[in-house]
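Student: Start counting the sequence shown at 1; every next residue gets the next number (full-length UniProt numbering). A single structure is presented below for examination.
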Amino acid sequence: MPLPSDENNPEARAGSAALSIRGLAKRFGEKIAVNGVTLEVPQGSFYGLVGPNGAGKTTTLSMATGLLRPDFGQALVHGVDVWARPLEAKKLMGILPDGVRLFDRLTGEQLVTYAGLLRGMDRETVAERTGDLLRAFDLTNDAGTLVVDYSAGMTKKIALASALIHAPKLLVLDEPFESVDPVSAANIRDILANYVQSGGSVIVSSHVMDLVQRMCDHVAVIAAGTVLAAGTVDEVRGDATLEDRFVELVGGRNTSDGLSWLRTS
Ligand SMILES: Nc1ncnc2c1ncn2[C@@H]1O[C@H](COP(=O)(O)OP(=O)(O)OP(=O)(O)O)[C@@H](O)[C@H]1O
Numbered sequence: 001m002p003l004p005s006d007e008n009n010p011e012a013r014a015g016s017a018a019l020s021i022r023g024l025a026k027r028f029g030e031k032i033a034v035n036g037v038t039l040e041v042p043q044g045s046f047y048g049l050v051g052p053n054g055a056g057k058t059t060t061l062s063m064a065t066g067l068l069r070p071d072f073g074q075a076l077v078h079g080v081d082v083w084a085r086p087l088e089a090k091k092l093m094g095i096l097p098d099g100v101r102l103f104d105r106l107t108g109e110q111l112v113t114y115a116g117l118l119r120g121m122d123r124e125t126v127a128e129r130t131g132d133l134l135r136a137f138d139l140t141n142d143a144g145t146l147v148v149d150y151s152a153g154m155t156k157k158i159a160l161a162s163a164l165i166h167a168p169k170l171l172v173l174d175e176p177f178e179s180v181d182p183v184s185a186a187n188i189r190d191i192l193a194n195y196v197q198s199g200g201s202v203i204v205s206s207h208v209m210d211l212v213q214r215m216c217d218h219v220a221v222i223a224a225g226t227v228l229a230a231g232t233v234d235e236v237r238g239d240a241t242l243e244d245r246f247v248e249l250v251g252g253r254n255t256s257d258g259l260s261w262l263r264t265s
């Protein structure tokens, strides 16, 4: 039997992309949350995913990472189909899901250690990397605190540390900067920038346009489950700021006219 050519072998064609999302769709009852989203995250890119509340970002990323089964479409991580070969695909990924639910009766140190052991890593490497990660995220002093007692920002950071311990090739981060203080956010940006520089790929959802414009090299704007624009940040924003371009694409600026009762004088 002849070997399949790249043309009719989607996994081979996706080889150059860190993440290839093809026609993903999801409906919840009557609500179409994601309506055929197609995106290519090139290897070594820092890819921003932006869109208004309810645009379908979390639903798309959940389907792309094996957390939520799509109605239609496909997601390939470095050519590996996430839903056909989940174990293989998940080895390549580090995931920070939305509204992280962690084993929060563990201490921060135990949680990161547990993440490493779950990935099949040896204890010595896990201990070494856990120490490095706690330091990098400025959590060393809280290493022995139960995660349930962490603040929202600390919880984000420990979840991100847990997602990094196995040195994944692709990081999928849903709003990693939410609740994180500016100094910690700058540290996280440095960690991610170094990660990308050393060959890793990141896709990150965010509402902070300024941050995406400065941090990312690629961006996709999605609204109502559909991709409105995608490409390099410069291609998408043109001569405008990303924020202005976003508002132009998405529209929907509301005035507060209907809230006249809110005036106090
Ligand atoms: N489990 C669910 N059941 C029903 N509807 C859902 C569910 N999850 C998401 N939705 C709906 O799908 C749409 C997309 O939601 P999603 O969370 O993907 O948006 P988002 O872009 O991540 O929004 P945000 O920026 O507010 O986090 C929304 O209308 C939401 O109400």
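Glycine residues also receive a C-beta, built at the ideal position from the N, C-alpha and C atoms. It should be emphasised that the depicted structure is a prediction, and the values quoted were computed from it without experimental measurement.
Can you tell me where the alpha helix (DSSP H) with V180 in it begins and where it stops?
Tutor: Taken as a continuous stretch (DSSP letters only), V180 belongs to no alpha helix (DSSP H), as it is neither H nor E.
Student: Is any heavy atom in ligand 1 found nearer than 7 Å to the beta carbon of F177?
Tutor: False, no ligand heavy atom lies under 7 Å from that Cβ.
Student: Apply the 10 Å Cβ neighbour rule to Q197 and answer buried if 16 or more other Cβ atoms are within range, or exposed otherwise.
Tutor: It counts as exposed.
Student: Using only the alpha-carbon positions, how far apart do D239 and Q213 sit?
Tutor: Answer to the nearest angstrom: the Cα atoms are 13 Å apart.
Student: Whole-angstrom Cβ separation of A18 and L170, contact assumed at under 8 Å?
Tutor: Indeed they touch by this definition, with Cβ atoms about 5 Å apart.
Student: Buried or exposed for L242, going by 16 or more other Cβ atoms inside 10 Å?
Tutor: Its Cβ being crowded by 16 or more others within 10 Å, L242 is buried.
Student: Exposed or buried, which one is S20 when buried takes at least 16 other CB atoms within 10 Å?
Tutor: Per the 10 Å Cβ criterion, buried.
Student: Here's the rule I'm using: 16 or more other beta-carbon atoms within 10 Å means buried, otherwise exposed. How should T155 be labelled?
Tutor: That one is buried.
Student: Does the distance between the C-beta of F28 and the nearest non-hydrogen atom of ligand 1 fall short of 7 Å?
Tutor: Yes, since a heavy atom of ligand 1 falls inside the 7 Å radius drawn around the Cβ of F28.
Student: Residues with a Cβ closer than 6 Å to any heavy atom of ligand 1, in chain order?
Tutor: The filter returns F28, K31, A33, G51, N53, G54, A55, G56, K57, T58 and T59, in chain order.
Student: What's the call for G258, buried or exposed, on a 16-neighbour Cβ count within 10 Å?
Tutor: It counts as exposed.
Student: What is the rounded straight-line gap between the Cα of Q43 and the Cα of G199?
Tutor: Going by the C-alpha atoms only, they are around 7 Å apart.
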